[in-house]
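Enquirer: Count along the sequence shown from 1, add 4, and you get the number used in my numbering.
Before I ask anything, here is the structure I am working with.
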Amino acid sequence: MPSPTRRVPSLRRLEQSTVKAVRTRLLRWGRANQRRYPWRDQQATPYEVAIAEVLLRRTTATAAARLFPAFVSEFPDWAALDKASEKRIAKRLQPVGLSRQRARDLRRLAHMVVRDYGGTLPTALPELLKLPGLGPYSARAVLSFAQGRRAAAVDSNVSRVLGRLFWPSLKQAPPTKLQATADSLVAPRSHRSFNFALLDLSASVCRYDRPRCEKCPLRGNCRYFQQTSRKAAANGGTGRRVPLCHDA
Ligand code: SF4
Numbered sequence: 005m006p007s008p009t010r011r012v013p014s015l016r017r018l019e020q021s022t023v024k025a026v027r028t029r030l031l032r033w034g035r036a037n038q039r040r041y042p043w044r045d046q047q048a049t050p051y052e053v054a055i056a057e058v059l060l061r062r063t064t065a066t067a068a069a070r071l072f073p074a075f076v077s078e079f080p081d082w083a084a085l086d087k088a089s090e091k092r093i094a095k096r097l098q099p100v101g102l103s104r105q106r107a108r109d110l111r112r113l114a115h116m117v118v119r120d121y122g123g124t125l126p127t128a129l130p131e132l133l134k135l136p137g138l139g140p141y142s143a144r145a146v147l148s149f150a151q152g153r154r155a156a157a158v159d160s161n162v163s164r165v166l167g168r169l170f171w172p173s174l175k176q177a178p179p180t181k182l183q184a185t186a187d188s189l190v191a192p193r194s195h196r197s198f199n200f201a202l203l204d205l206s207a208s209v210c211r212y213d214r215p216r217c218e219k220c221p222l223r224g225n226c227r228y229f230q231q232t233s234r235k236a237a238a239n240g241g242t243g244r245r246v247p248l249c250h251d252a
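What follows is the structure in C-alpha cells.
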C-alpha cells in the first residue's frame, strides 16, 4: 500500500544509522511496554479510531476507555451517529465532559462522512484533513491505526519527545519540521507499533515535567540527554541533570 506521505523532507538530514537505531530501540521498547486500549485492537475500524481520538481530547485515556465500548455499541457507525440527536449523543458523552461540544463536533463530522463519502472515511490524507474535527494528528492516527497506511501521528506529546531528541529547543522545531522528522522515522511496515510506542514513551518516560531519561531506550540518540548530562558533569558530576529550555 503506498505511503500517504510522498516526500520525507528531513530524511537526508537524519543519518540512516540514527533512523535505524531509533526505530529498532523504540519498537523493542514498545513490545514490552505497549498500553492496551480498545481502539488499538487490530480489528479497530477507522470509525472507532476517529471516535476514540475525539473522546481522548482533554480526557485521560482511562476515562475514554471506560466510555468507548458503550459509545460504539450505541452508535456503531457514522450513519447511526448522523441519525442520532445531538442531545442523545451528549448524554452518552457526559462522563468525559465537554459533552455538548463533542456531540456537536461528532454530528457534523458524521454528517459529512455520510453525505460526501457514503459513510466510510476516505483513505487519503488531504481528504481526511478536509473533514471537520480531524486534525493532522487524528487524520494520521486513522490512516496508521485502522487503514494500514504508513503515517506518523504527531500530537503535542510526541512533538515534545522529537523536540528533545533532535533540537536544542522546541522553538527551533516548528510543527512542519517535527512532522517531517516523524515521517522519516516511522517504520514502513510496523508504523502502528511505532506510533503506539512513541505515544506511550511520551506518556510514561519522556514526560513533560520530569523525563525519566535513565529508563529511556532512546537516550543514546537524544540531544537533550547529552546536553543535560554534560551540564551535570560540568556542575560537579552530581548525577543530577540540569533542566534545559525543553523543560519550560
Ligand atoms: S533520553 Fe530523556 S529527554 Fe531524551 S527522549 Fe528519552 S526521556 Fe526524553
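Heads up, the beta-carbon is just placed ideally off N, CA and C, and yes, glycines get one too.
Can you give the beta carbon distance from V76 to I55, rounded, assuming they're within the 8 Å contact cut?
Expert: Between I55 and V76 the Cβ distance is about 6 Å, and since that is below 8 Å, they are a contact.
Enquirer: Using 8 Å as the threshold, is the C-beta distance between W82 and G123 below it?
Expert: In contact: W82 and G123 (Cβ atoms closer than 8 Å).
Enquirer: Under DSSP, the alpha helix (DSSP H) around S89 begins and ends at which residues?
Expert: No alpha helix (DSSP H) contains S89, which DSSP labels as neither H nor E.
Enquirer: So, with DSSP's three-state summary, where would you put R39?
Expert: Three-state result, R39: coil.
Enquirer: Just confirm the distance between the C-beta atoms of V146 and V209, as a whole number of angstroms; I'd bet it's less than 8 Å.
Expert: Not quite, the Cβ-Cβ distance comes to about 26 Å (not below 8 Å), so this is no contact.
Enquirer: Do the stretch 154-169 and the stretch 196-215 meet, that is, are 3 or more Cβ pairs less than 8 Å apart?
Expert: Yes, they touch.
Enquirer: With DSSP collapsed to three states, give me the class of S233.
Expert: It is helical.
Enquirer: Is L174 near ligand 1, going by C-beta to nearest heavy atom under 7 Å?
Expert: No.
Enquirer: At a threshold of 7 Å, does V162 count as lining ligand 1 (C-beta to nearest heavy atom)?
Expert: Not so, every heavy atom of ligand 1 lies at least 7 Å from the Cβ.
Enquirer: Return the residue from the list L169, Y121, A191 that minimises the CA-CA distance to A155.
Expert: The candidate whose alpha carbon is nearest that of A155 is A191.
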